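Student: Structure provided below as structure tokens; questions to follow.
Number of protein chains: 2
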Amino acid sequence: MADVYGERRERLRARCSAAGVDAALVTAPSNVRWLTGVPSAEALLLTRDHALLAVAHPLRDRDDACDELLVPPGQDPAVVVASTAQVEALGVEEHDLTVTRHRAVADAAPRAQLRDLHHSVEQLRVVKDEQELNCLRVAGEIADQALGELLESILVGRSERHLAMELERRMVDHGADGPAFPVRVGTGDHAGRLRHLPGDRRVEEGDFITVSLGACYRGYRASAARTFVVGLAPQEWQIELHGLVFTAQRAAREALVLGGSLDDCAQAARRVLEASGHPEVLAEGVGHGVGLDVEEEPRLGSLDLWPGEFGKLENRVPVTVGLGVTLPGRGGVRIEDTLVVRPSEDGGAELLTITTKELLAL
Amino acid sequence: MADVYGERRERLRARCSAAGVDAALVTAPSNVRWLTGVPSAEALLLTRDHALLAVAHPLRDRDDACDELLVPPGQDPAVVVASTAQVEALGVEEHDLTVTRHRAVADAAPRAQLRDLHHSVEQLRVVKDEQELNCLRVAGEIADQALGELLESILVGRSERHLAMELERRMVDHGADGPAFPVRVGTGDHAGRLRHLPGDRRVEEGDFITVSLGACYRGYRASAARTFVVGLAPQEWQIELHGLVFTAQRAAREALVLGGSLDDCAQAARRVLEASGHPEVLAEGVGHGVGLDVEEEPRLGSLDLWPGEFGKLENRVPVTVGLGVTLPGRGGVRIEDTLVVRPSEDGGAELLTITTKELLAL
């Protein structure tokens, strides 16, 4: 196990070395975890021949290749490890450190010049190893299980908030560390919205209901969204709208091809939506990488909206692919999956969230 | 309602004016919420005669005194509102903005000189109004209700994680927005620890069980911790340890006196613990303010550990008062309450979390 983390640290060292940086102070929590395997550590100082991890309590499972530095209560772990750095150029994560902490780090290492590591660790994290993909696979299964159980229960009369909590509990019962993000349940005119916070609205007969959920398993987060109808039979407009989103999301999934552009999925979905007069809904793109964070690089957007995202889809990159369309005052449909980019000779993209996308009437 | 927020913004304007700052760019989420009442907004630009709030979607309940600026997806709300600032000195929250965002704000307002607002808004938030205290009172009641129900249920054989999720669900059932922080349940040798994350350990006969929980109600967060024994009768060492923590926490609560020093509560508890040979346990202090954030100013620590905390306890300041003692390998006891500092003629500190602190055998 320690080998995995030691190897990752070597890759970061190589990057630093190429950039003329003597040591890296890593503070973004998921980056520290990815480089050490320690979920609770808050700062890592990586020099050419040494790794020093700031911890609040001595670790139970020690990694011999990584020394621990106990941080006194109330002190900033980044500042404490930075004060040990005897280097000229110290790389820091400017996208993570606040201005105040950055200044404190500079004061603690007065002889060092602080340089931005940019998103070096995040970039190393984009392509996953098989152990990471296994964790994501389990996370996807757990979300599927919780969703499947919900579909078998009575929904009418229960509040969005209550359903969201129940889904979170069920995921934990199935072995999740916890939800990957607060579960979102939207019913009636809340259905289909991307970031709707569950409220007190209760499920009614005839409602659309959208569930966005994800499990966190050993730190790895997979995400899915489904929309169903409550009651015996969906109405005509519900069938139509669901069919549209289903078709557009399928087109996006099918465009997830190794070597393709980060733009392809959004373009494919947009072609379907434009043909039906809903071109505006992809403003937020159709997905993004997942892993230790629920939103990682790359971003699957349209190039006109996200200029500069010129990468290609690489092997072993897990991403979400999802989209929604809502009608003002009537609610809408959102469908999302987590998939892993794979070569076509291996069968193409691997779907991690397999719960049915049919328009079930619950 | 709008008056409350308008008045708060006037107080911030007065502070800015005194500091020679023309406009304030507020980005810390709780600060934005406190100044506008909008839970989901991400940045507020406050000039001498204007308030501009960055929102992702048009608000349903508009505040006429505060204009809305719709932020396109993928753009930083702070940068978008900063680009409208025609000022010389722009105050920003350096403890909230990352180095990267700070730079983007500077680029968006090239004619402005960026100045640190320090913790201006946090300081204004320390003393609560009665409406805020009412929300905290309800939050305390909700935590009490959830805890009370747990005490009546069967605990043996259930996992820490499962109990924690159940408490979160119960708080939501009783009207909470959600938990104030992830509920912590520790059993056996995990009991009594400050930041134990609930795991797969199942409750056994004879265990100590420590529950730390808090509800969030309309954004306001109260917090409590209790320790009980599972089984028919506690053992001698459990009775002793519980009695010690109970006495020390009571001493700390009784030291919560209007006009007292921020050091008093910790000193009072320390005197009790030192007499019994446990002086080390107050390294993290005995409490802190609560409100829209679960950890706010002031910090109730010992002056030797938190130099510079020379304030006095003020009227209408809600704080947590709690401490724990653990014995290696055997677990321990943690007891915490949320109280509001009040003058002695009004009966002294008001206790918001009233669940019994007796050593119940469950």
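Each protein sequence line maps, in turn, to chains A and B.
Under the UniProt record's numbering, think of the first position of the first sequence as 1, with each following residue one higher.
Under the UniProt record's numbering, think of the first position of the second sequence as 1, with each following residue one higher.
Just so you know, even glycine gets a beta-carbon here, dropped at the ideal spot from N, CA and C.
From a predicted model like this one, the values you see are computed outputs, not experimental measurements.
#1: Return the chain-ordered ranges of every alpha helix (DSSP H) run that is complete within the stretch 105-136 of chain A and spans a minimum of 4 residues.
#2: Kindly give me the distance between the Cβ atoms of Asp20 of chain B and Ala89 of chain B, rounded to whole angstroms, as I take these residues to be in contact under 8 Å.
#3: Can you confirm whether Leu292 of chain A, when its beta carbon is compared against all beta carbons of chain B, has any partner nearer than 7 Å?
#4: Using a Cβ-Cβ cut-off of less than 9 Å, give me the residues of the stretch 87-111 of chain B that come near chain A, in sequence order.
#5: Contact criterion: CB-CB distance below 7 Å. Does Pro73 of chain B meet it with respect to chain A?
#6: For a contact meaning CB atoms closer than 7 Å, what does Leu172 of chain B contact in chain A?
#7: Check whether the stretch 94-105 of chain A and the stretch 65-74 of chain A touch, using three or more Cβ-Cβ pairs below 8 Å as the test.
#8: Between the Cα of Leu339 of chain A and those of A:Glu274, A:Leu256 and A:Pro298, spot the shortest distance and give me the residue it belongs to.
#9: Please determine if the stretch 198-216 of chain B and the stretch 225-243 of chain B are in contact, where contact requires at least 3 C-beta pairs separated by less than 8 Å.
#10: Would a C-beta distance cut-off of 7 Å place Val245 of chain A and Val286 of chain A closer than the cut-off?
#11: Within 7 Å of any Cβ in chain B, is that where the Cβ of Arg342 of chain A sits?
#12: Might you give, ordered along the chain, the residues of its own chain that have their beta carbon closer than 6 Å to the beta carbon of Glu94 of chain A, omitting 5 neighbours on each side?
#13: Would a C-beta distance cut-off of 7 Å place Leu52 of chain A and Val26 of chain A closer than the cut-off?
#14: Could you give the uninterrupted runs of the beta strand (DSSP E) lying entirely in the stretch 249-331 of chain B, keeping only those of 3 residues or more?
#15: Report the neighbours of Glu284 of chain A on chain B: residues whose CB is nearer than 8 Å to its CB, in chain order.
#16: Near Ala284 of chain A, what residues of its chain come up, given a Cβ to Cβ distance below 7 Å and the 5 sequence neighbours on each side ignored?
#17: Among A:Gly37, A:Asp76 and A:Pro73, whose alpha-carbon lies nearest the alpha-carbon of Leu59 of chain A?
#18: Could you pull out every residue in the same chain whose Cβ sits closer than 6 Å to the Cβ of Glu295 of chain A, ignoring the five residues on either side in sequence?
#19: Can you find the residues in the same chain that come closer than 8 Å, C-beta to C-beta, to Asp200 of chain A, ignoring five residues on each side of it along the sequence?
#20: How do the stretch 140-149 of chain A and the stretch 130-137 of chain B stand: do at least 3 beta-carbon pairs fall below 8 Å, yes or no?
#21: How far does the beta strand (DSSP E) with Ala78 of chain B in it extend, from its first residue to its last?
#22: Does any CB atom of chain A fall closer than 7 Å to the CB of Arg169 of chain B?
#23: Give me the DSSP bridge partner(s) of Pro179 of chain A.
#24: Short check: CB of Gly311 of chain B to CB of Leu262 of chain B, under 7 Å?
#25: Within a Cβ cutoff of 7 Å, which residues of the same chain sit near Arg231 of chain A, ignoring the five residues on either side of it in sequence?
#26: Can you give me the C-alpha to C-alpha distance between Ser223 of chain B and Ala14 of chain A, rounded to a whole angstrom?
#27: Am I right that Gly291 of chain A and Pro318 of chain A are in contact with their C-beta atoms under 8 Å? What's the rounded C-beta distance?
#28: Among A:Leu258, A:Ala248 and A:Gly259, which one has its Cα closest to the Cα of Gly278 of chain A?
#29: Please state whether DSSP places Asp346 of chain A in a helix, a strand or coil.
#30: Can you tell me where the alpha helix (DSSP H) holding Ala222 of chain B begins and where it ends?
#31: State the DSSP-derived secondary structure class of Arg195 of chain A, mapped to helix, strand or coil.
#32: Give me the residue from B:Asp96, B:Asp64, B:Ile239 and B:Val55 with the minimum Cα distance to Val80 of chain B.
#33: Using a Cβ-Cβ cut-off of 6 Å (strictly less than) and excluding sequence neighbours within five positions of residue 415 of chain B, which residues of its own chain qualify?
#34: Exposed or buried, what is Pro234 of chain B when buried is set at 16 or more other beta-carbons lying within 10 Å of its beta-carbon?
Tutor: Taking the coordinates as given:
#1: 120-125
#2: Checking the displayed sequence, the identity of residue 20 of chain B turns out to be Gly instead of Asp. Gly20 of chain B to Ala89 of chain B, Cβ: 6 Å. Contact.
#3: no
#4: Val92, Glu93, Glu94, His95, Asp96, Leu97, Thr98, Val99, Thr100, Arg101, His102 and Arg103
#5: yes
#6: Here residue 172 of chain B is Val; the residue named in the question, Leu, does not match the sequence. Within 7 Å Cβ-Cβ: Arg161, His162 and Met165.
#7: no
#8: A:Leu256
#9: yes
#10: no
#11: no
#12: Asp116
#13: no
#14: 287-289, 296-300 and 318-327
#15: Pro73 and Gly74
#16: Residue identity check: residue 284 of chain A is Glu in the sequence provided, not Ala. Excluding positions up to five away in sequence, the list reads Leu194.
#17: A:Gly37
#18: His288
#19: Ser159, Glu160 and Arg161
#20: no
#21: First-last for Ala78 of chain B: Pro77 to Ala82, but that is the alpha helix (DSSP H), not the beta strand (DSSP E).
#22: yes
#23: A:Ala215
#24: yes
#25: Going by the sequence as given, residue 231 of chain A is Gly instead of Arg. Cβ neighbours of Gly231 of chain A beyond the five flanking positions: Glu205, Gly206 and Ala361.
#26: 46 Å
#27: 7 Å
#28: Note that residue 278 of chain A is His in the sequence shown, not Gly. When only C-alpha atoms are compared, the closest one is A:Ala248.
#29: helix
#30: Premise fails: Ala222 of chain B is in no alpha helix (DSSP H) and is neither H nor E.
#31: coil
#32: B:Val55
#33: In the structure as shown, chain B starts at 1 and stops at 362, and residue 415 of chain B therefore has no counterpart that could be examined.
#34: buried
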